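Enquirer: Everything in the sequence shown is counted per my numbering, starting at 1 for the first residue and increasing by one.
The beta carbon of each residue, even a glycine, is placed where N, CA and C say it ideally should be.
These numbers come from a predicted model, not from an experiment.
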Amino acid sequence: MDDTADLCDALVGLGLIAAGEQPRFSFMTGGVSCDVAKVETADGRVLVIKKALSQLRVPTEWRASANRSAFEVQWLKLVRARVSADQVPEVIAEMPERHIFVMAYLPIETHPVWKSELLQGRVDPDFAVALGQALVQIHAATANDPALAQQFATDDLFMALRIDPFLLHVARHQADVAPALRALALDLQSRKTALVHGDVSPKNILIGPKGPVILDAECAVYGDPAFDLAFCLTHLLIKSVFIRDRGRLFIGSFRSMSQAYLAGVGWEDPQALSARTAKLVAALLLARLDGKSTAPYLTDEADKALIRQQAKAFLQDPALDLAQLINRWTFEGQA
Ligand SMILES: Nc1ncnc2c1ncn2[C@@H]1O[C@H](COP(=O)(O)OP(=O)(O)OP(=O)(O)O)[C@@H](O)[C@H]1O
Ligand SMILES: [Mg+2]
1 MDDTADLCDA
11 LVGLGLIAAG
21 EQPRFSFMTG
31 GVSCDVAKVE
41 TADGRVLVIK
51 KALSQLRVPT
61 EWRASANRSA
71 FEVQWLKLVR
81 ARVSADQVPE
91 VIAEMPERHI
101 FVMAYLPIET
111 HPVWKSELLQ
121 GRVDPDFAVA
131 LGQALVQIHA
141 ATANDPALAQ
151 QFATDDLFMA
161 LRIDPFLLHV
171 ARHQADVAPA
181 LRALALDLQS
191 RKTALVHGDV
201 SPKNILIGPK
211 GPVILDAECA
221 VYGDPAFDLA
231 FCLTHLLIKS
241 VFIRDRGRLF
251 IGSFRSMSQA
261 YLAGVGWEDP
271 QALSARTAKL
281 VAALLLARLD
291 GKSTAPYLTD
301 EADKALIRQQ
311 AKAFLQDPAL
321 DLAQLINRWT
331 FEGQA
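1) Considering only heavy atoms of ligand 2, does any lie closer than 8 Å to the CB of Lys203?
2) Buried or exposed: Gln334, going by 16 or more other Cβ atoms within 10 Å of its Cβ?
3) By the three-class DSSP mapping on this structure, what secondary structure does Val136 have?
4) Tell me which residues share the same chain as Gln137 and place their Cβ nearer than 6 Å to its Cβ, disregarding the 5 neighbours each side in the sequence.
5) Have a look at the DSSP bridge pairing and note the partners of Tyr222.
6) I'd like to know whether the C-beta atoms of Leu286 and Gln174 end up nearer to each other than 9 Å.
7) In the DSSP assignment, find the beta strand (DSSP E) that holds Pro158 and state where it starts and stops.
8) Can you tell me which of the three DSSP states Asp35 falls into?
9) Between which two residues does the beta strand (DSSP E) holding Phe27 run?
10) Could you work out which residue in Ala260, Phe314, Asp303 is closest to Ala275 when comparing CA atoms only?
11) Relative to ligand 1, is the shortest distance from any of its heavy atoms to the C-beta of Glu109 smaller than 8 Å?
12) Taking the CB atoms as reference points, tell me whether Ala104 and Glu94 lie closer together than 9 Å.
13) Which class does Pro212 belong to by DSSP, given the choice of helix, strand or coil?
14) For ligand 2, is there any heavy atom lying closer than 8 Å to the beta carbon of Leu206?
15) Determine, using beta-carbon pairs with one atom in the segment 177-186 and one in the segment 153-168, whether at least three such pairs fall under 8 Å.
16) Does the segment 259-266 come close enough to the segment 202-216 that 3 or more CB-CB pairs lie under 8 Å?
17) Expressed to the nearest angstrom, what Euclidean distance is found between the alpha-carbon atoms of Pro270 and Gln259?
18) Compute the minimum distance between the beta carbon of Ser240 and the heavy atoms of ligand 1, and state whether it is under 8 Å.
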């Protein structure tokens, strides 16, 4: 069965289209780990169908259980119920045995992808504030919750999709930073603090009329919320080098997102979280250069050297926190 026949069959099974109906499919860009398609049905509904793949479409062999689809659905429903209906698309139907679910389509005209905006040089530090607030709200609403820790005990998935490819892969190849990266990996595995999304990247954030909408929660785990903040901040830092003429705006966005997030941390000492996040940012910078999921636009060797040198210095600094990191960050080549 080809991709659309398989998805049609699922849509019929879910009662969303009639047998024999041929809805219009538009596959979304990205799609490293899933088939994601916009579906326009004969009765005028516009939906998104997402099916998790077991082999990720990246050059290196990288497998992960397609069961992550079920956790993505649970994350979307939980955030909608416990935090806000504006921050996630609504789940319409699900078929867990086939790793498929259907959600509401959020039109691109009213919900542009944050990554596209950033790549076009439209960098708005106020949006970074809104995202910092949205993220910390999700973490605060799920912190210290043993039932959720049990529901999202997806440590094996998080190891396969995040800790191994991002931290341990680099540790295996770079002896000078291996001890620091292995210590961070162990620390991440040990913390069970709040519900982590696991992929807070600009490509997974839409700019909605009521603020950020967060997609793609396949890596959700009950773990260290610092990971989400670090993951997103790393993207901002890398873009400050890659889109250099907007460097100061990216740095401003880093500062405003960190401050907005830290102001909402009530479940632990914000300073401790800031220090952990800064170390993870350093590690994730290296992962974007040398890990299994590298940033495709980072091809300039001088840019890579600039980022690598700073990341390694950060990783070895015992007193680092987010404010110090960003005060020291250089994006212009004389680091
Ligand atoms: N409900 C939705 N409404 C509008 N657009 C959506 C919706 N869900 C997904 N998209 C679009 O499809 C893209 C891919 O979706 P998603 O991130 O969930 O899939 P993915 O295969 O896990 O992606 P990747 O592995 O590239 O991060 C998103 O970046 C977004 O542009
Ligand atoms: Mg995605």
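Expert: By the coordinates alone:
1) As a first step, residue 203 is located in the sequence shown; it is residue number 203 there, counting from the start. Distance from the C-beta of Lys203 to the nearest heavy atom of ligand 2 is below 8 Å.
2) For the purposes of this step, residue 334 is identified with residue 334 of the sequence shown, where counting begins at 1. With a pLDDT of 46 at Gln334, under the threshold of 50, the modelled position of that residue is not reliable, and no figure is offered here.
3) Taking the first residue of the sequence shown as 1, we reach residue 136 at position 136. Helix, per DSSP.
4) On the sequence shown, position 137 is the one that residue 137 refers to. Same-chain partners within the cutoff: Val83.
5) Translated into positions along the sequence shown, residue 222 becomes position 222. Answer is Leu195, bridged to Tyr222.
6) Reading the sequence shown from its first residue, position 286 is the one you call residue 286. Reading the sequence shown from its first residue, position 174 is the one you call residue 174. Yes, these two residues count as a Cβ contact at 9 Å.
7) Locating residue 158 in the sequence shown gives position 158, where the first residue counts as 1. A small correction: the amino acid at residue 158 is Phe; Pro does not occupy that position in the sequence shown. Premise fails: Phe158 lies in the alpha helix (DSSP H), 155-158, not in any beta strand (DSSP E).
8) Here residue 35 refers to the residue found at position 35 when the sequence shown is read from its first residue. Asp35: strand per DSSP, three-state reduction.
9) In the sequence shown, counting from the first residue as 1, residue 27 sits at position 27. According to the DSSP assignment, Phe27 belongs to the beta strand (DSSP E) that extends over 24-27.
10) To locate residue 275, count along the sequence shown from 1; it is residue 275. Out of Ala260, Phe314, Asp303, Phe314 has the C-alpha closest to the C-alpha of Ala275.
11) Your numbering for residue 109 matches position 109 in the sequence shown. Not so, every heavy atom of ligand 1 lies at least 8 Å from the Cβ.
12) The sequence position of residue 104 within the sequence shown is 104, counting from 1. The sequence position of residue 94 within the sequence shown is 94, counting from 1. Not closer than 9 Å, so no.
13) Indexing the sequence shown from 1 puts residue 212 at position 212. Assignment of Pro212 by DSSP, reduced to helix, strand and coil, places it in the strand class.
14) By one-based count along the sequence shown, residue 206 stands at place 206. For Leu206, the CB stays at least 8 Å from every heavy atom of ligand 2.
15) With a cut-off of 8 Å, the segment 153-168 and the segment 177-186 count as touching, because enough Cβ pairs lie within range.
16) The segment 202-216 vs the segment 259-266: no contact.
17) Walking along the sequence shown from the start, residue 270 turns up at place 270. Walking along the sequence shown from the start, residue 259 turns up at place 259. The alpha-carbon atoms of Pro270 and Gln259 are separated by roughly 10 Å.
18) Numbered from 1 along the sequence shown, position 240 holds the residue referred to as residue 240. Ser240: no, Cβ never under 8 Å from ligand 1.
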